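**Student:** The opening residue of the sequence shown carries number 0 in numbering that gives the first Met the number 0; numbering runs sequentially from there.
We treat Cβ as the ideally placed atom computed from N, Cα and C, and that holds for glycine.
Computed from a prediction, not measured in an experiment: that's the story for all the values here.
Before I ask anything, here is the structure I am working with.
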Amino acid sequence: MITSVIVILLLLLAFSGFCIAYWQLLLCRREARILNSHRVAAHSAIQKSRMDLLEVRNRARLLEDSVSGGASAVEKLHKAISNTTFGLIDLFSKDEEFRQTARKARATHDQTSQQIYRTVRTTNKALHILADTLIIGKAEKRLASRKGQKPPGSDDGQ
C-alpha cells in the first residue's frame with residue numbers, strides 16, 4: 000500500500016514536471032515568435048528606407064533621361080525644319096550672293112543650335128548631380144544616422 004502511494008506520488012510528480020516543461024516550451028515558443036516578429040519588422044523598416052532611397056534615385060535618373068531625350072527629340076525636329084528651310088532657300092533662290100549669305104546664316108544657325116542643345120544637356124546633368132548631392136545624399140545621411148542611433152531607453156553609463 001505504501002509503495003503504491005509512493006508510486007502514485009512519483010508518477011504525479013513526474014507528470015507535473017512534464018506539464019511544467021511543456022508550459023515552459025510554450026512560453027519559449029511564444030517569446031521566440033515575438034522576437035522574430037520584431038526582427039522582421041525592423042528588417043522591413045530598413046528595407047523600406049532602402050527602397051525609398053532607391054525610388055528617389057530612380058526617379059532622378061528617369062527625370063534626367065527624360066529631359067535629355069526630350070532635348071534630343073526637339074533638336075532633331077529643329078534640325079529637320081532648319082534643313083528644309085535652308086534647303087528650299089538654296090534651291091529656289093536666284094541670286095548667288097543671297098545663297099552665300101543664307102549658307103553663312105545656316106552655318107551660324109547650326110553651330111548656335113548645337114551649342115544651345117549641348118548646354119541644355121550639360122545643365123541637365125549638372126542639376127542631376129546637384130539633386131543627387133542635396134536630396135539623395137541627405138537621405139543617405141539620414142538613413143546612416145538612424146543605423147548609428149542607440150534605441151531609446153539604452154543607458155550609456157551616464
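1. In angstroms with no decimal places, state the Cα-to-Cα distance between Glu95 and Arg120.
2. What distance in whole Å lies between the Cβ atoms of Arg98 and Asp109, which are believed to be in contact at a cut-off of 8 Å?
3. In the DSSP assignment, find the alpha helix (DSSP H) that holds Asp89 and state where it starts and stops.
4. Check this for me: beta carbons of Ala138 and Leu52, under 8 Å apart or not?
5. Using three-state DSSP, classify Asp131 as helix, strand or coil.
6. Are the beta-carbon atoms belonging to Ile128 and Val55 less than 8 Å from one another?
7. Do Phe85 and Arg105 count as a contact pair if the criterion is CB distance below 8 Å?
8. Decide if Ala101 is buried, meaning its Cβ has at least 16 other Cβ atoms within 10 Å, or exposed.
9. Leaving aside the five residues before and after Ala130 along the sequence, list all residues of the same chain whose C-beta is less than 8 Å from its C-beta, in chain order.
10. Do you know whose CA, among Ser112, Asn57, Glu63 and Asp64, lies nearest Ser81's CA?
11. Helix, strand or coil, according to DSSP, for Asp109 in the structure here?
12. How big is the Cα-Cα spacing for Arg38 and Gly68?
13. In whole angstroms, what is the alpha-carbon distance linking Leu9 and Tyr21?
**Tutor:** In short:
1. 37 Å
2. Wrong, their Cβ atoms sit about 16 Å apart, outside the cutoff.
3. Ile1 to Phe91
4. yes
5. helix
6. no
7. yes
8. buried
9. Ala59
10. Ser112
11. helix
12. 44 Å
13. 18 Å
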